[in-house]
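Chains as they are written, first to last, in the numbering used here: chain A, 1 to 331; chain B, 332 to 619.
Glycine residues also receive a C-beta, built at the ideal position from the N, C-alpha and C atoms.
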């Protein structure tokens, strides 16, 4: 079930070494053309995708491989708090946890980023300066995305001005589902421009896209528009990140790199709570997109409770006995 | 009339209110006192114990916060359902322990009575073990007993029902949640008790019954950082010392095993309730 588009076929036999001419330059010339392109993507075999992730989920990852997987997963976590009740104090305590997830063990890696609402990005930036941990801020009327474009862009500029290194935007699912693909595309392009140097993660909210075909289309749309990452969910809608959705998105980034030479990251978010889930995702990354994506630069977990479970498993491997929730911090 | 095909039994664990197979997929054969095959039982692994602790921890908040009155009613209901299954229990005890029908039935009656007795203790513990302390000042001082938390119980190896009830009921009556490892050779009464608990009003996860080898699972439970206390009743002699030592790493409450398995028909008093209670003392100012 490979869907790799042959880059040679699209670029007229051009070599992969030099910068590739954009083979998709003209697909966004009109909404009809874009629609034709997106609907022309190969359909997703839903049963096949489910079977594939189920089969990969049975992989047994033990001992040293498990220890590596746990440390890698910790270093990929975007430690997230997106509650109405968030306070500067809570963000600072989360930042402290991001720096030293397990204060009893200096060998425990730091997480990749702290993800907060835009107005608290300044607090997070202050707490994380010089640590190498990024500050991610959600923007564009997160989580619903129901606001005018001016408001969304102002939201993004505000978050960037507050020091956010990464912006997590939501797409306009209403426009996407009604087939106004070009509107969604243009909005992402505009947000990307407003981001300036900040990385852009595009949240597809796959729980509202319903089908895996729509997930594949939305992934391609977001990548063509310049997203640096594609992210499954806001975490506010159920189902959030599921393995079949993640599989489809990983296939999309793999095929996109093969076609254009540009690598895009993937971030499943929401609903990943256990180490076992995280390891299943890592297996999926390795088997679908390849080992190039097994780095915090290209794969992230959007999570809050996952980190504690990873730490408990890490303590179990280190001490040889089971640990308990009294031995990790309460978020 | 044709002979029926025998319904062969492969029992499962009782864990978190459900009946899963062992995560390891292992089973072992259970034989009666004469060595005849009786049934297959699930052979619990350390990961089943880990899952059971998670279930017990999850159930603790609600069970420990239930009123003593409510907890007593729920436990009494267990005794009611046990009474309905008395014949089955008696058959299993007779086969497993090699007792006559009459003596097995007497053991079952004693077990049910024991359960009722502990059910009655739930709302009396605070009065007997707590106190209003004499203080020299304008305030009250109260001491109240509170449940310890998640208790690992290694059930007696010989007394498969009366011994089992005698170690499990006090843990639950005090408001703790339990992870119990049954007698290895005589697990059937524990399996049936699991079915009783599932069909009474005990919330899932409050009692988790694992069939298997205490010598295999015991060390994992003794070292587990999220287990608050361990009852070593069913740990064979050299093992109990080792378990006590590993339990020290997380400062667990340890209830030692007697050198020989005791006569479970004796009145236990508060000897199995007190170890799984913590005393909380509070000062309270006297109003105007």
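Assigned exposure category for residue i - 16 Cβ within 10 Å defines buried
i              : result
residue 55(A)  : exposed
residue 617(B) : exposed
residue 345(B) : buried
residue 464(B) : exposed
residue 169(A) : buried
residue 498(B) : buried
residue 315(A) : buried
residue 342(B) : buried
residue 601(B) : exposed
residue 305(A) : exposed
residue 490(B) : buried
residue 277(A) : buried
residue 191(A) : buried
residue 572(B) : exposed
residue 178(A) : exposed
residue 313(A) : buried
residue 138(A) : buried
residue 356(B) : exposed
residue 400(B) : exposed
residue 173(A) : buried
residue 527(B) : buried
residue 140(A) : buried
residue 81(A)  : buried
residue 77(A)  : buried
residue 318(B) : Here chain B covers residues 332 to 619 and nothing more, so residue 318(B) does not appear.
Which residues DSSP lists as bridging residue i, in chain order
i              : result
residue 561(B) : 483(B), 585(B)
residue 22(A)  : Partner(s): none; residue 22(A) has no beta bridge.
residue 443(B) : Residue 443(B) pairs with nothing; no bridge assigned.
residue 362(B) : 368(B)
residue 267(A) : 231(A)
residue 68(A)  : Answer by DSSP bridge pairing: none, since residue 68(A) is not bridged.
residue 538(B) : 509(B)
residue 115(A) : 80(A), 136(A)
residue 614(B) : 472(B)
residue 169(A) : 139(A), 202(A)
residue 322(A) : Its beta-bridge partners do not exist; DSSP assigns none.
residue 302(A) : 78(A), 269(A)
residue 608(B) : 478(B)
residue 464(B) : 472(B)
residue 341(B) : 371(B)
Between the CA atoms of residue j and residue i - distance to the nearest angstrom
i              : j              : result
residue 535(B) : residue 384(B) : 12 Å
residue 91(A)  : residue 545(B) : 45 Å
residue 281(A) : residue 287(A) : 10 Å
residue 446(B) : residue 592(B) : 20 Å
residue 6(A)   : residue 215(A) : Below a pLDDT of 50, predicted positions are generally treated as unreliable, and residue 6(A), at 49, falls in that range; the measurement from the model is reported next regardless. Whole-angstrom Cα-Cα distance: 21 Å.
residue 245(A) : residue 581(B) : 42 Å
residue 220(A) : residue 325(A) : 40 Å
residue 504(B) : residue 101(A) : 38 Å
residue 83(A)  : residue 515(B) : 49 Å
residue 105(A) : residue 319(A) : 11 Å
residue 583(B) : residue 558(B) : 7 Å
residue 379(B) : residue 517(B) : 19 Å
residue 351(B) : residue 539(B) : 11 Å
residue 611(B) : residue 474(B) : 5 Å
residue 456(B) : residue 496(B) : 19 Å
residue 366(B) : residue 427(B) : 9 Å
residue 604(B) : residue 482(B) : 12 Å
residue 621(B) : residue 361(B) : No information on residue 621(B) is available, as it lies outside the stretch 332 to 619 that chain B covers here.
residue 289(A) : residue 38(A)  : 21 Å
residue 126(A) : residue 164(A) : 11 Å
residue 203(A) : residue 388(B) : 35 Å
residue 322(A) : residue 95(A)  : 27 Å
residue 543(B) : residue 235(A) : 41 Å
residue 405(B) : residue 394(B) : 10 Å
residue 347(B) : residue 150(A) : 51 Å
residue 576(B) : residue 570(B) : 10 Å
residue 269(A) : residue 58(A)  : 22 Å
residue 374(B) : residue 226(A) : 55 Å
residue 422(B) : residue 500(B) : 22 Å
Per-residue contacts from residue i into chain A (C-beta, under 9 Å)
i              : result
residue 551(B) : 321, 322
Cross-chain neighbours of residue i in chain A, by beta carbon under 7 Å
i              : result
residue 381(B) : 322
Partner residues on chain B for residue i, Cβ-Cβ distance less than 9 Å
i              : result
residue 326(A) : 556, 557
Listed in chain order, which residues of the stretch 553 to 565 of chain B have Cβ atoms closer than 7 Å to some Cβ of chain A? 554, 555, 556, 557
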